[in-house]
Amino acid sequence: MGAAPIRVEGLNHAFGKGRLRKQILFDISTEIPEGEIVIVTGPSGSGKTTLLTLVGALRAAQEGSVRVLGEELRGARAAVLENVRRRIGFIFQQHNLLGALSAVQNVELGLRVGGRPGPATLRRRAAHMLEAVGLGERCDHRPGQLSGGQRQRVAIARALVGQPAMLLADEPTASLDRSSGREVVERMKHLAREEGTTILLVTHDNRILDIADRIVHLEDGRLSTFTDAVVANNRHMMDLLARSRGNDDLARRVDGLDETGFAQLLRQLTNEAQRFIDVTAMANDRAFGGLLRQGLFAFTRKLAQLLDADRASLFLVRDGMLSLAVAEDLDSLGPVTFPVGTGIAGAVAASGEIVRIDDAYADPRFNRAVDRQTGYRTRSLLCLPITNRDGGIFAVAQLLNRRDGMPFSSDDEQRFTGFIASIGVILESLEVLDAGRARSQGGRA
Ligand SMILES: Nc1ncnc2c1ncn2[C@@H]1O[C@H](COP(=O)(O)OP(=O)(O)OP(=O)(O)O)[C@@H](O)[C@H]1O
Ligand SMILES: [Mg+2]
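Its first residue numbered 71, the sequence shown is counted upward by one per residue in this note's numbering.
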């Protein structure tokens, strides 16, 4: 893959001169890889549109470096700026369609900028693009005869019809209701994925954050470093996780680490997860959530391996119920839930005490239902509570059957406790993610 289509370094920007000079962007640095969808969020006036127009070569860069599609924009000649602009599709909050032209004629405008195809070709490609955004039947309508969402879709078709290398969108859903907003971004994403287009999208619409590969946050002209840090500083971890398509694959890689290596990796991931919890009040980063989920599964398995247990599993505790969140045969099991106080895990959730049992079937608290369901035979068991940062018990971790047939020792207990603190942080950040997603999917919020 070539150089990143967007690379911004040490970018400063100010409006006004002399005493009226006001700096808007401070030392912005970021890199957006080809084909990635990046959302810029941030409060009104934080500089989002300014940043977008700088990247789009619509405004002259004053200080720092803005490399877009292989060209340095700062100090670039007009012809260079023009050439870069031509390769970008723009979508603005107001759709900027021409009222006197039909939908298909508006879309044709997106092609005229690029080259000089004949009129028949123009019409065919424009009509095709309108079909792609679901407006094949509306080619001859004028903007005034279309709904807000339909108009915005025409704008998207116009932005994408010239097959731009990059799409810059400023609040494309601002004037749309929930479902048309969702449809507009889904189309955008779909088309972009097909063409490998890089997308930079400014929004404070929380309902669409989940289409992003990455979310960056601007506040008072400064980019928050969280997601960049994940990508840039933690290449190793991200590579490890991202390249592992399935849980098994990742688990196998993690299997190769020794205890020290594993502890290191876990600490890294824990730090990221911790930071994630700190900023996710605004973010809903699906990609990161997927990685965490994979990681959680792989790490739980790895724990079992390191502690020479046959299995490890995790339960989440919520509203007085435990639910099995990570387990070897979770898929075949279907949902497993039971109240706090029942079973060993339930007893641990209730008391907050670690429980170590040498012979499960001899303990009256042990619930054999899951064993019956899986055909597994639990013998020894080590079960401990996971507390969140406020000290509340929100999960329970469990090791089953030491491989050598011996009961779990107090040494096992200590090592398990050490690792589980990290796993707890990851688990907690997933909880935060899931809660955020539930919020953004349900209700009218
Ligand atoms: N052409 C301009 N001249 C002077 N000041 C400007 C100009 N454009 C923007 N500003 C100021 O720069 C700051 C950032 O503006 P910008 O439009 O980038 O914010 P934004 O994050 O896009 O906000 P919003 O979410 O409301 O669209 C604001 O304080 C704004 O008043
Ligand atoms: Mg703006």
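Even glycine gets a Cβ: it sits at the ideal position worked out from N, Cα and C. Everything numeric in this text was worked out from a predicted model, so none of it was measured.
Taking DSSP's pairing of strands, which residues face Glu264 in a bridge? By DSSP's assignment, Glu264 forms no beta bridge with any residue.
With Arg284 as the anchor, note down where its beta strand (DSSP E) starts and where it stops. That run of the beta strand (DSSP E) goes Arg284 to Glu289.
On the three-state DSSP scale, how would you describe Asn64? Nothing in the structure corresponds to residue 64, since the chain is present only between 71 and 515.
Exposure label - Phe464; buried when at least 16 CB within 10 Å: Answer is buried; the Cβ neighbour count reaches 16.
Taking any heavy atom of ligand 2 as the mark, which residues have a C-beta closer than 7 Å to it, listed down the chain? Residue selection by CB proximity (closer than 7 Å to any heavy atom of ligand 2) returns Lys118, Thr119, Asp240, Glu241 and Val272 in chain order.
Is Ile107 closer than 8 Å to Leu121 when the C-beta atoms are compared? In this structure, Ile107 does not lie closer than 8 Å to Leu121 by Cβ.
How would you write the range of the beta strand (DSSP E) that Val327 sits in, first residue to last? The question names Val, yet the displayed sequence has Leu at residue 327. Judged by DSSP secondary structure, Leu327 falls outside any beta strand (DSSP E); it is assigned neither H nor E.
Using a Cβ-Cβ cut-off of 6 Å (strictly less than) and excluding sequence neighbours within five positions of His287, which residues of its own chain qualify? Setting aside the 5 residues that flank it on each side, His287 is surrounded in the same chain by Thr111, Gly112 and Ser294, each with a C-beta closer than 6 Å to its C-beta; the list follows chain order.
Enumerate, from N- to C-terminal direction, the unbroken beta strand (DSSP E) stretches of 3 or more residues contained entirely within the region 400–475. If we require 3 residues or more, the beta strand (DSSP E) runs fully inside the region 400–475 come out as 407–409, 425–427, 451–457 and 463–472.
What does the Cβ neighbour count give for Phe367, buried or exposed, with the cut at 16 atoms within 10 Å? By the neighbour-count rule (16 or more Cβ atoms within 10 Å), Phe367 is buried.
Let me know if Thr273 comes out buried or exposed under the rule of 16 or more other beta-carbons within 10 Å of its beta-carbon. With 16 or more Cβ atoms within 10 Å of its Cβ, Thr273 is classed as buried.
I'd like to confirm the pairing. Which residues does DSSP put opposite Thr123 in its beta bridges? Looking at the DSSP assignment, Thr123 forms no beta bridge with any residue, so it has no partner.
With respect to 7 Å, is the separation between the Cβ of Ser116 and the closest non-hydrogen atom of ligand 1 below this value? At least one heavy atom of ligand 1 is nearer than 7 Å to the Cβ of Ser116, so yes.
Judging by CA-CA distance, which residue of Leu454, Arg194, Gln175 and Ala235 is the nearest neighbour of Ala225? Considering only alpha carbons, the answer is Gln175.
With 16 as the cutoff for other CB atoms within 10 Å, does His198 come out buried or exposed? Exposed.
Pro75, DSSP secondary structure in three states: Coil at Pro75, not helix or strand.
Pro409, buried or exposed, once every other Cβ within 10 Å from all chains shown has been counted against 16: A residue is called buried when at least 16 other Cβ atoms come within 10 angstroms of its Cβ; Pro409 does not meet this threshold and is exposed.
Runs of 3 residues minimum, wholly inside the region 218–244: which ones carry the beta strand (DSSP E) assignment? Secondary structure in the region 218–244: the beta strand (DSSP E) runs of 3 residues or longer, each lying completely within the stretch, are 236–240 in chain order.
Relative to the alpha-carbon of Leu454, which residue among Phe436, Ala417, Glu256 and Asp275 has its alpha-carbon at the smallest distance? Cα-wise, what sits closest to Leu454 is Ala417.
For a test of the three-state rule: what should DSSP assign to Glu498, helix, strand or coil? Looking at Glu498 - three-state DSSP - the assignment turns out to be helix.
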